[in-house]
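The block underneath contains the structure these notes are about, expressed in structure tokens.
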Amino acid sequence: MSDTTTDTSTQTGDDQDLGAAGSQLSTAPVEDSPSPNLPSLGVIGWARWFWRQLTSMRVALLLLLLLSLAAIPGSLIPQTGINEAQVADFRERHDVLAPVYDKLGLFHVYSSVWFSAIYILLFVSLIGCIVPRTWQFVGQLRGRPPGAPRRLTRLPAHTTWRTSADPEEVREAALALLRKRRFRAHAVGDAVAAEKGYLRELGNLAFHLALIVMLIAFAWGQLFKSEGNKIVVEGDGFSNTLTQYDDFKSGNLFTNDDLEPFSFDVEEFTGTYERTGPNRGTPRTYETEVTYTEGADGEEKNAVIKVNKPLEIGDAKVYLVSHGYAPVVTVRDGKGEIVYQDAVPLLPLDNNVTSNGVVKVLDGYRNPQGKKEQLGFQAFFVPTFGGSASGTMLSQFPALDYPVLALNAYHGDLKADSGIPQSVYQMDKTKMKEFKDADGELLKKLLTPGETMTLPGGAGSITFEKDIKEWAGFQVVQEPGGGWALGGALAAIGGLAASLFVQRRRVWVRAVRGDDGVTVVEMAGLGRSESAKVPEELGDLAGTLYERAPGVPDPEPDGTPEQDGTPKPDGTPPEDPGTPGASGTTTSTDTDSQAVPAEGAEQQ
Numbered sequence: 000m001s002d003t004t005t006d007t008s009t010q011t012g013d014d015q016d017l018g019a020a021g022s023q024l025s026t027a028p029v030e031d032s033p034s035p036n037l038p039s040l041g042v043i044g045w046a047r048w049f050w051r052q053l054t055s056m057r058v059a060l061l062l063l064l065l066l067s068l069a070a071i072p073g074s075l076i077p078q079t080g081i082n083e084a085q086v087a088d089f090r091e092r093h094d095v096l097a098p099v100y101d102k103l104g105l106f107h108v109y110s111s112v113w114f115s116a117i118y119i120l121l122f123v124s125l126i127g128c129i130v131p132r133t134w135q136f137v138g139q140l141r142g143r144p145p146g147a148p149r150r151l152t153r154l155p156a157h158t159t160w161r162t163s164a165d166p167e168e169v170r171e172a173a174l175a176l177l178r179k180r181r182f183r184a185h186a187v188g189d190a191v192a193a194e195k196g197y198l199r200e201l202g203n204l205a206f207h208l209a210l211i212v213m214l215i216a217f218a219w220g221q222l223f224k225s226e227g228n229k230i231v232v233e234g235d236g237f238s239n240t241l242t243q244y245d246d247f248k249s250g251n252l253f254t255n256d257d258l259e260p261f262s263f264d265v266e267e268f269t270g271t272y273e274r275t276g277p278n279r280g281t282p283r284t285y286e287t288e289v290t291y292t293e294g295a296d297g298e299e300k301n302a303v304i305k306v307n308k309p310l311e312i313g314d315a316k317v318y319l320v321s322h323g324y325a326p327v328v329t330v331r332d333g334k335g336e337i338v339y340q341d342a343v344p345l346l347p348l349d350n351n352v353t354s355n356g357v358v359k360v361l362d363g364y365r366n367p368q369g370k371k372e373q374l375g376f377q378a379f380f381v382p383t384f385g386g387s388a389s390g391t392m393l394s395q396f397p398a399l400d401y402p403v404l405a406l407n408a409y410h411g412d413l414k415a416d417s418g419i420p421q422s423v424y425q426m427d428k429t430k431m432k433e434f435k436d437a438d439g440e441l442l443k444k445l446l447t448p449g450e451t452m453t454l455p456g457g458a459g460s461i462t463f464e465k466d467i468k469e470w471a472g473f474q475v476v477q478e479p480g481g482g483w484a485l486g487g488a489l490a491a492i493g494g495l496a497a498s499l500f501v502q503r504r505r506v507w508v509r510a511v512r513g514d515d516g517v518t519v520v521e522m523a524g525l526g527r528s529e530s531a532k533v534p535e536e537l538g539d540l541a542g543t544l545y546e547r548a549p550g551v552p553d554p555e556p557d558g559t560p561e562q563d564g565t566p567k568p569d570g571t572p573p574e575d576p577g578t579p580g581a582s583g584t585t586t587s588t589d590t591d592s593q594a595v596p597a598e599g600a601e602q603q
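Just so you know, we're using numbering that gives the first Met the number 0 here: the sequence shown kicks off at 0 and counts up by one.
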């Protein structure tokens, strides 16, 4: 077979010779070269120029980069929509930076004007890129591969040989072969034109469409999302209404009617921990058994909520995010009447669930003089006490091995009726007085389950009951568009992979009868970019076609007849009926000679 060559040096210089055959391997818009002496653009001309710049791929990539950079401050600077307390703390610690950040909108990056402008411009740019390219790609799919260039030997990868088969037989064999290899092929004049790799452009368009879907999904999710947290003690329940949440935040277009109607009761929380080894204290099991109903009259169902395995109810997801203990305490007045009895959730301070909080008795208590008063107890709890010898009230293990409750007692006015919201885990002591012990110090005591601390002067008592409950912290999230965002991300990855790894290429096979009556076969391939895949594939196709249309030897340079396989006059063995090339001849003594791979031809 003759030489199969790759010539990249002529690819650029011979574009004009390729004509339609070398064009439209991509749906990317072609930029016109500037011409001298351009007339004034005018308003409409400048508007068109701006639109073309905005919808160019370069600007779309630049806007995507700017959007990524613009999101960095939202990750580094506290945001008002996420944590108001951190923003307030930042303002107190940075008197100079805080006003600057306010003017730049850095405390609410994702709702700022400049971030929204980048977002919208990127959205418009992507649409402007996709629409014309989509119509152009549809036109290519409806059309047929262009006919063969006049000079196939000027293409980057080409091969040629002579065969005794008729040109029609060669073209039919080439057409069948190319279609079998999933090329879109058809006969054009004396040649067969084929094209393959449309998945590259389809993947490119799918990638950009997926970006638009992701942008819409993220915007939709931010505008209509809601997120709330709630601590529920074993035996208590929760109803998905705004007043039930401990804290709640939502998007700008979210309304209370968008809350998914459901409720659930916490039956039991189960937590187990590693007892030995380097991971001692690490949770092994964190799960909560709940009974829930959908809607007002829904049927009760049982479920187990685990870490990273939320309960899904409609568009809402209920995540298990935290855990702690709720010691049960009973408060009595001086007459022995119960004025308060409940499980008090305490907030953990470390991994061993050292916890603190307050017990507030707001109503029903009267002091020894019969005057209405309020009681407050500062509570500190450890599930596993290290003993008095440890000298500290830090828990040694997260399980209830040796629970101890430390209490400080106060009386007076908790200012709960002032109208100012208060945390249930903190106590305002500005109008509270300390209970004093016999030494005149703040009354405090360590209690084990079942023990009681008596208040001085017949003011009552508080008992640490043996029943210690656990609480579970839940996060209820409604974020519409999450599924669309995930689908868009997967589609973007798939489209990007197709656009990077699929090669768009064309192949032509021309078979004509030469002046001496022998059929001359020419094959050539052209890819969108320089790649070893085109010459490799062309060599494989040529080798297969050569088996169906084997070659015959070239005529001798002096014009003597072709060799018929008989020994030469000097007794040397006959040449194998090789495949003389258009630009040279390659001979072989191997009777099973195949097509020479295109990428190796230049080494011959």
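From the three backbone atoms N, C-alpha and C, an ideal C-beta is built for every residue, glycine too.
Along the length of the stretch 149-186, whole beta strand (DSSP E) runs at least 3 residues long occupy 156-162, reported in chain order. In this structure, the alpha-carbon of A205 lies about 7 angstroms from that of A490.
C-alpha of E83 to C-alpha of G323: approximately 24 angstroms in a straight line. In the structure shown, I76 adopts coil according to DSSP, grouped into three states. Spanning the alpha carbons of V108 and F223 requires a straight line of approximately 17 angstroms. Within the same chain, Cβ atoms closer than 6 angstroms to the Cβ of K465 are found at P448, G449, the five residues on either side in sequence being excluded.
Our two residues, A147 and P166, have alpha carbons roughly 15 angstroms apart in a direct line.
For K444, there is no enclosing alpha helix (DSSP H); the enclosing beta strand (DSSP E) covers residues 443-446. Boundaries of the alpha helix (DSSP H) around D539: 532-547. Secondary structure of Y364 (DSSP, three-state): coil. Within the same chain, Cβ atoms closer than 6 angstroms to the Cβ of G363 are found at V338, the five residues on either side in sequence being excluded. Beta-bridge pairing by DSSP links F473 to K229, L319.
For the options E536, R365, F380, the alpha carbon positioned closest to that of L348 is the one of F380. The stretch 234-243 makes contact with the stretch 252-271; the number of CB pairs closer than 8 angstroms reaches 3 or more. Residue burial annotation: K359 is buried, with at least 16 other C-beta atoms found within 10 angstroms of its C-beta. Shown here, A192 sits in a strand according to DSSP, grouped into three states.
For A491, the secondary structure class from DSSP, reduced to helix, strand or coil, is helix. Secondary structure note for K308: it is in no beta strand (DSSP E), with a DSSP letter that is neither H nor E.
Straight across, the Cα-Cα distance linking A325 with F463 is about 11 angstroms.
Spanning the alpha carbons of A458 and A408 requires a straight line of approximately 11 angstroms. Here the C-alpha atom of K532 lies approximately 23 angstroms from the C-alpha atom of R547. Residue environment analysis places E194 among the buried positions, since at least 16 neighbouring C-beta atoms fall within 10 angstroms of its C-beta. Spanning the alpha carbons of P77 and T383 requires a straight line of approximately 36 angstroms. For A218, the uninterrupted alpha helix (DSSP H) segment begins and ends at 197-223.
Where P131 is concerned, the enclosing alpha helix (DSSP H) starts and stops at 112-141. Contact check for Q421 against D427 passes: the beta carbons are separated by less than 8 angstroms. Residue state for N239 is assigned as coil, using DSSP reduced to three classes. Closest in alpha carbon position to A541, among G196, Y100, L176, is L176.
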